[in-house]
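Here the sequence shown is numbered in the numbering used here, starting from 202 and rising by one per residue. Cβ atoms here follow ideal geometry from the backbone N, Cα and C, with glycine treated the same way. Keep in mind the model is a prediction, meaning the values are calculated, not measured. Okay, so here's the structure we're looking at.
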Amino acid sequence: CEEYHQIRPTRGNVKLSDLDFRIERHVLRVVLPRRPCADDIESEGCTDPTIAGADFPHWWAGKSDVIHVDFKIKSEHLLNGKQYDMEMQIWHFHILRRRSPVMAIFVEAKPGGFNAQFQKLLQKFQDLYTDHLDQCQNFRRDLREKGHSTDHLEDPEEYQHLHSFESFVDEPAHGFSVPGDENFDPDQHERELQQDIFNPYHRDYVRNIYFYGYKGSTTDPPCGQWVNWRIIDTPMTVSYTQLFQARNILFNHVSPFCERTSVHKNGSSTRPIQDTFARPVYRCTKLDFDSDVLKGQRPWSPHFM
């Protein structure tokens with residue numbers, strides 16, 4: 202292990218309403234606002250709003266801001282030879298070092314795995330998905346009114362049944378509930394929804410402070426070699442229904458111009474698993490450092506590990 206303390210997160214105060222939700226060709230992406238003073242973190246007003254970020258150990262010299270959070274289907278890494286249902290990637294950028302430390306969290310669907318924090322994001326993606334379907338419907342109607350053919354366009358009516366995911370939280374008996382979702386607490390979920398702050402380090406996402414690490418590249422073109430990966434060694438959980446909803450949003454998305462956008466193949470939208478090419482990979486465990494809570498450096502928090 203090359204680290205001497207845990208990753209130290211800062212939640213920030215960015216609201217869900219301030220986030221930019223995007224359904225890309227291969228990923229569900231949440232983009233955070235950037236600091237207005239990106240080149241001078243000491244300037245006045247630089248902490249308004251306070252962007253979520255983390256202090257990474259091993260000479261990173263200060264906080265790295267979160268720039269976006271990705272959800273990919275399936276995982277781009279393996280843990281003990283296993284590929285997981287999804288992978289959450291928290292992309293940071295360090296202003297001074299001009300490198301990106303990335304926290305990757307495996308996502309596993311399992312009975313009783315309902316994830317209230319993830320559901321808040323899913324609902325935003327579902328709203329965007331539905332809005333694009335509605336825009337597609339209007340686009341087709343406008344073309345027909347102008348006498349143009351729409352035979353070459355996707356028909357949004359084929360995807361209307363996916364709208365019912367919007368009512369899953371309020372009406373779980375709609376047929377989308379599966380064994381294990383009985384742990385879903387609607388009152389608790391409503392309380393979570395009222396907390397509009399987006400915390401990518403919430404315990405529902407990051408369930409352990411220990412990780413694997415290596416120096417690598419971005420997994421999308423241009424595959425630049427400026428990434429320091431931290432692979433959290435404990436998966437987060439979601440329900441089977443949530444996995445099904447995320448897959449449908451990403452794989453069946455139709456743009457406002459009635460074009461299928463997904464590049465998925467064989468149930469996956471990620472690049473094939475890559476060889477390490479003799480790249481050194483290390484692991485940090487409790488034998489290497491204790492949590493800041495155990496060391497008395499910060500109080501226990503319900504928001505972080």
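To the nearest angstrom, how far is the alpha carbon of residue i from that of residue j?
i: Gly-313; j: Asp-286; result: 16 Å
i: Phe-490; j: Asn-449; result: 41 Å
i: Lys-347; j: Phe-340; result: 11 Å
i: Phe-307; j: Gln-338; result: 36 Å
i: Gly-213; j: Lys-466; result: 37 Å
i: Tyr-402; j: Pro-210; result: 7 Å
i: Gln-207; j: His-454; result: 38 Å
i: Glu-204; j: His-259; result: 5 Å
i: His-333; j: Leu-233; result: 21 Å
i: Thr-486; j: Val-464; result: 37 Å
i: Arg-342; j: Ser-456; result: 15 Å
i: Leu-280; j: His-349; result: 52 Å
i: Val-231; j: Val-270; result: 5 Å
i: Gln-327; j: Cys-459; result: 17 Å
i: Cys-202; j: Leu-488; result: 10 Å
i: Thr-462; j: Ile-291; result: 23 Å
i: Gln-336; j: Leu-220; result: 21 Å
i: Ser-492; j: Tyr-483; result: 18 Å
i: Thr-331; j: Val-215; result: 24 Å
i: Asp-434; j: Ile-268; result: 23 Å
For residue i, I'd like the list of residues in its chain whose CB is within less than 6 Å of its CB, leaving aside the five on either flank, ordered along the chain.
i: Leu-577; result: In this structure the chain extends from 202 to 506, so residue 577 is not present and cannot be described.
i: Arg-431; result: Met-304, Phe-412, Gly-414
i: Gln-426; result: Ser-418
i: Glu-277; result: Glu-288, Thr-420, Thr-471
i: Lys-325; result: Phe-222
i: Leu-363; result: Below a pLDDT of 50, predicted positions are generally treated as unreliable, and Leu-363, at 46, falls in that range; no measurement from the model is reported.
i: Lys-147; result: Because residue 147 is not part of the residues shown, which for the chain are 202 to 506, the question remains open.
Which same chain residues, not among the five before or five after residue i, have their C-beta less than 7 Å away from its C-beta?
i: Leu-323; result: Gln-443, Gln-446, Ala-447
i: Asp-266; result: Arg-236, Ile-252, Gly-254, His-293, Phe-294
i: Cys-424; result: Ser-418
i: Leu-329; result: Phe-222, Ile-224
i: Asp-382; result: With a pLDDT of 44 at Asp-382, under the threshold of 50, the modelled position of that residue is not reliable, and no figure is offered here.
i: Phe-257; result: Ile-208, Ser-265, Pro-302
i: Pro-481; result: Tyr-415
i: Asp-371; result: Confidence at Asp-371 is low in this model, with a pLDDT of 31, below 50, so its placement is unreliable and the value that follows should be read with caution. So the list is empty, once near-sequence residues are dropped.
i: Phe-319; result: Asp-405, Val-439, Gln-443
Closest to residue i by C-alpha separation, out of the options, would be which residue?
i: Pro-422; options: Arg-472, Asn-453, Tyr-483; result: Arg-472
i: Thr-438; options: Phe-315, Leu-334, Arg-212, Thr-420; result: Phe-315
i: Tyr-406; options: Asn-453, Lys-321, Arg-461; result: Lys-321
i: Gly-468; options: Asp-434, Lys-273, Val-232; result: Lys-273
i: Ile-474; options: Ile-268, Glu-203, Lys-283, Val-231; result: Lys-283
i: Ala-262; options: Lys-275, Ile-296, Ile-268, Ile-291; result: Ile-296
i: Leu-451; options: Ile-268, Cys-202, Leu-220, Lys-275; result: Lys-275
Taking only heavy atoms of the ligand GDP into account, decide whether any of them is closer than 8 Å to the Cβ of residue i.
i: Leu-451; result: The ligand GDP is absent from the structure shown, which contains no ligands of any kind.
Beta-carbon within less than 8 Å of residue i's beta-carbon, same chain only, minus the 5 sequence neighbours each way: which residues are those?
i: Val-428; result: Arg-300, Ser-301, Pro-302, Val-303, Lys-416, Gly-417, Ser-418, Thr-419
i: Pro-436; result: Leu-280, Tyr-285, Ile-306, Phe-307, Val-308, Glu-309, Arg-408
i: Ala-479; result: none
i: Asp-476; result: none
Between residue i and chain B, is the shortest Cβ-Cβ distance under 9 Å, so that the two count as touching?
i: Val-270; result: The structure shown contains no chain B; it holds only a single protein chain.
Validate contact between the stretch 298-307 and the stretch 489-497 using beta carbons, cut 8 Å, 3 pairs: no
Segment contact flag, the stretch 222-232 with the stretch 402-411, C-beta cutoff 8 Å, min 3 pairs: no
Uninterrupted alpha helix (DSSP H) stretches inside the stretch 408-460 (no shorter than 4 residues): 441-452
Whole beta strand (DSSP E) elements within the stretch 234-314, 3-residue minimum: 254-256, 264-273, 287-294, 301-310
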